[in-house]
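Participant: Residue numbers (the numbering used here): 3 to 411.
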Amino acid sequence: MELLYGSIRDYAWGSRSAIAELQGRPVPSAGPEAELWLGAHPDSPATVDRGGERVSLTDLLVAEPGHWLGDRQVARFGTRLPFLVKVLAADAPLSLQAHPDAEQARAGYAAEQARAGAGGGPGRAEGRCNYVDPYHKPELLVALTPFDALCGFRDPQVSATALARFGVPELSPVVAALRAGPAGLREAVRALLNWPDADRAGLVDAVRGADAAGPDAELARELAARYPADPGVLVALLLHHVRLTPGEAIWMPAGNLHAYLCGTGVEIMAASDNVLRGGLTPKHVDVGELVRVLRFEVLDDPVIVARPVAPGVVCWPVPVDDFALHRVTVDAAGPEVRLPLPGPRVVLCHHGKVAVDDGTGAVTLGPGQAAVGPAGARTLVVAGTGVAFVATCGGGPTTRGKSDFPELA
Numbered sequence: 003m004e005l006l007y008g009s010i011r012d013y014a015w016g017s018r019s020a021i022a023e024l025q026g027r028p029v030p031s032a033g034p035e036a037e038l039w040l041g042a043h044p045d046s047p048a049t050v051d052r053g054g055e056r057v058s059l060t061d062l063l064v065a066e067p068g069h070w071l072g073d074r075q076v077a078r079f080g081t082r083l084p085f086l087v088k089v090l091a092a093d094a095p096l097s098l099q100a101h102p103d104a105e106q107a108r109a110g111y112a113a114e115q116a117r118a119g120a121g122g123g124p125g126r127a128e129g130r131c132n133y134v135d136p137y138h139k140p141e142l143l144v145a146l147t148p149f150d151a152l153c154g155f156r157d158p159q160v161s162a163t164a165l166a167r168f169g170v171p172e173l174s175p176v177v178a179a180l181r182a183g184p185a186g187l188r189e190a191v192r193a194l195l196n197w198p199d200a201d202r203a204g205l206v207d208a209v210r211g212a213d214a215a216g217p218d219a220e221l222a223r224e225l226a227a228r229y230p231a232d233p234g235v236l237v238a239l240l241l242h243h244v245r246l247t248p249g250e251a252i253w254m255p256a257g258n259l260h261a262y263l264c265g266t267g268v269e270i271m272a273a274s275d276n277v278l279r280g281g282l283t284p285k286h287v288d289v290g291e292l293v294r295v296l297r298f299e300v301l302d303d304p305v306i307v308a309r310p311v312a313p314g315v316v317c318w319p320v321p322v323d324d325f326a327l328h329r330v331t332v333d334a335a336g337p338e339v340r341l342p343l344p345g346p347r348v349v350l351c352h353h354g355k356v357a358v359d360d361g362t363g364a365v366t367l368g369p370g371q372a373a374v375g376p377a378g379a380r381t382l383v384v385a386g387t388g389v390a391f392v393a394t395c396g397g398g399p400t401t402r403g404k405s406d407f408p409e410l411a
């Protein structure tokens, strides 16, 4: 194992305290710090030390793919780390968004590249394209603090009742569509996101000023204060509004509409930056493409509870082979934890002090520090007193539903 130095993204919705406090730096930070990226994504690759200089993990993977990734992962994903780990710290809502599946991502990226090559189509440099790479982006977020999120469509009948309470006549067709059940979701979303530009501010203002009470009304007023002419304020009310407690997670597969509202969490995803936005953002919005990839189906329960797999070890199983995430809790008075997980591995210390050793070298991590290990390493040994998250490729023993941990044999 060796130390891995992450890259911080300074999006406007980020916190000026959460990541700085985690890493033991002065608070408040100089500007918003939204995400700490720990991976090899080409937009913000993490680095490692080589002879006193920082070298991109992306460059190391290309130079030594067999060592870092292993033949199996290279055959499956190429010379790229298939997952990206983030610490996400939101002080304000993120955009209303969804991600494409693998086939949609490949086709969308190819089409945009072809248009760009012919002198047409949106440009990546201007932030106007939808597909910045040909990969899907399913994601799992585990709360480190209480975390508010909108995720997946709830029962349309519940949403219809929520919109009707505002008493805004212009919303009657949308309410009627929702009363039809899941079959009306597409029509309702399309109608709201394509609301005439000249009438948007009036619609949102009418909702904001309505004599309505309850959590839905409070959420609408909060979002309307930030986005006074954005019909995404109303689309938000079609989604589950959940508050995660630390350790709970949400799983967002392709095509699920969602928006993170506030809180800090560890996020792991397929290594892509494809985001299709529908509102609640000043960034590029493409309603037509978003509606095309959305899955207009009710998500029964978006919350995933941690599953114990061994003493001190939990995971959140997900149905993809790009990644898996485990949380390890160790105590110096107790035994070390041995993890027979496939490489490559990225380890992030959340709190305390943990020592990690995979046979290639031992590293001691403090809060906010990370380490990376190659594919061919031995069983990962975690010791000390603290909590760490271990990210690996998926398809390992605990993500297939069969544990190879000795404690559960």
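A virtual CB, placed ideally from N, CA and C, is assigned to each residue, including glycine.
Quick one: complete alpha helix (DSSP H) runs, 4+ long, within the region 99 to 154?
Facilitator: Runs of the alpha helix (DSSP H) inside the region 99 to 154: 104 to 119.
Participant: Measure the Cβ-Cβ separation of Gly388 and Pro369 and say whether it is below 9 angstroms.
Facilitator: In this structure, Gly388 lies near Pro369, with their beta-carbon atoms less than 9 angstroms apart.
Participant: Report yes or no: do three or more beta-carbon pairs, one from the region 133 to 153 and one from the region 260 to 270, lie closer than 8 angstroms?
Facilitator: yes
Participant: Keeping to the same chain, check which residues put their C-beta closer than 6 angstroms to that of Ile10; ignore five residues upstream and five downstream.
Facilitator: Excluding sequence neighbours, Ile10 sits near Glu35, Leu38.
Participant: Hey, could you find the ends of the beta strand (DSSP E) Val358 is sitting in?
Facilitator: 347 to 359
Participant: If we ignore side chains and look at the alpha-carbon of each, how far apart do Ile21 and Val374 end up?
Facilitator: 20 angstroms
Participant: Between which two residues does the alpha helix (DSSP H) harbouring Gly290 extend?
Facilitator: Residues 289 to 295.
Participant: Would you please state the rounded distance, in angstroms, between the beta carbons of Leu5 and Val349? I believe it to be under 8 angstroms.
Facilitator: Their Cβ separation, rounded to whole angstroms, is 10 angstroms, which puts Leu5 and Val349 out of contact at 8 angstroms.
Participant: Is the beta carbon of Ala251 less than 9 angstroms from the beta carbon of Ala100?
Facilitator: no
Participant: List the residues that DSSP assigns as beta-bridge partners of Phe298.
Facilitator: Partner(s): none; Phe298 has no beta bridge.
Participant: Can you tell me whether DSSP reads Val322 as helix, strand or coil?
Facilitator: coil
Participant: Does the region 264 to 271 come close enough to the region 75 to 95 that 3 or more CB-CB pairs lie under 8 angstroms?
Facilitator: yes
Participant: DSSP three-state call for Leu40: helix, strand or coil?
Facilitator: strand
Participant: In chain order, what residues of the same chain lie with their CB nearer than 7 angstroms to the CB of Met254, ignoring the 5 residues before and after it?
Facilitator: Hits under 7 angstroms: Pro140, Glu141, Cys153, His260.
Participant: Are Glu269 and Val89 close, meaning C-beta to C-beta below 9 angstroms?
Facilitator: yes
Participant: In whole angstroms, what is the alpha-carbon distance linking Pro248 and Ala118?
Facilitator: Rounded to whole angstroms, Pro248 to Ala118 spans 44 angstroms at the Cα level.
Participant: Name the two residues that bound the continuous alpha helix (DSSP H) containing Gly314.
Facilitator: Taken as a continuous stretch (DSSP letters only), Gly314 belongs to no alpha helix (DSSP H), as it is neither H nor E.
Participant: DSSP on Leu367, reduced to helix/strand/coil?
Facilitator: Annotated three-state conformation of Leu367 is strand, per DSSP.
Participant: According to DSSP, which residues form a beta bridge with Glu35?
Facilitator: Under DSSP, the beta-bridge partners assigned to Glu35 are Ser17.
Participant: Report yes if the CB atom of Ala222 is closer than 9 angstroms to the CB atom of Ala238, and no otherwise.
Facilitator: yes
Participant: Where Gly33 and Ala179 are concerned, what is the direct C-alpha to C-alpha distance, given to the nearest angstrom?
Facilitator: In this model, Gly33 and Ala179 are separated by some 43 angstroms (Cα to Cα).
Participant: With DSSP run on the structure shown, which of helix, strand or coil describes Val339?
Facilitator: strand
Participant: May I ask you to list the residues that DSSP assigns as paired with Arg245?
Facilitator: Asp150
Participant: Tell me whether the beta-carbon of Thr394 lies closer than 9 angstroms to the beta-carbon of Phe85.
Facilitator: Going by C-beta atoms, Thr394 is nearer than 9 angstroms to Phe85.
Participant: Tell me the DSSP secondary structure of Phe168 in three-state form.
Facilitator: coil
Participant: Which partner residues of Lys285 appear in the DSSP bridge assignment?
Facilitator: Answer by DSSP bridge pairing: none, since Lys285 is not bridged.
Participant: Cα separation between Ala203 and Arg279?
Facilitator: 19 angstroms
Participant: Do you know whose CA, among His353, Ala164, Tyr229, lies nearest Asp213's CA?
Facilitator: Ala164
Participant: Could you compute how far the alpha carbon of Phe325 sits from the alpha carbon of Ser174?
Facilitator: 43 angstroms
Participant: Determine the DSSP secondary structure at Glu55, reduced to helix, strand or coil.
Facilitator: Secondary structure of Glu55 (DSSP, three-state): strand.
Participant: Give me whichever residues DSSP pairs with His260 in a beta bridge.
Facilitator: Gln99, Cys153
Participant: Starting from Ser174 and walking both ways along the alpha helix (DSSP H), at which residues does that stretch end?
Facilitator: That run of the alpha helix (DSSP H) goes 174 to 181.
Participant: List the residues that DSSP assigns as beta-bridge partners of Trp253.
Facilitator: Leu142
Participant: Using a Cβ-Cβ cutoff of less than 7 angstroms, which residues in the same chain neighbour Ser46 once the five nearest sequence positions on both sides are dropped?
Facilitator: Short of 7 angstroms from the beta carbon of Ser46, and not among the five residues preceding or following it, lie these beta carbons of its own chain, in chain order: Ser9, Arg11, Trp39.
Participant: With DSSP as the reference, label Ser274 as helix, strand or coil.
Facilitator: coil
Participant: Would you report the Cα separation of Ile306 and Pro319, rounded to the nearest angstrom?
Facilitator: 9 angstroms
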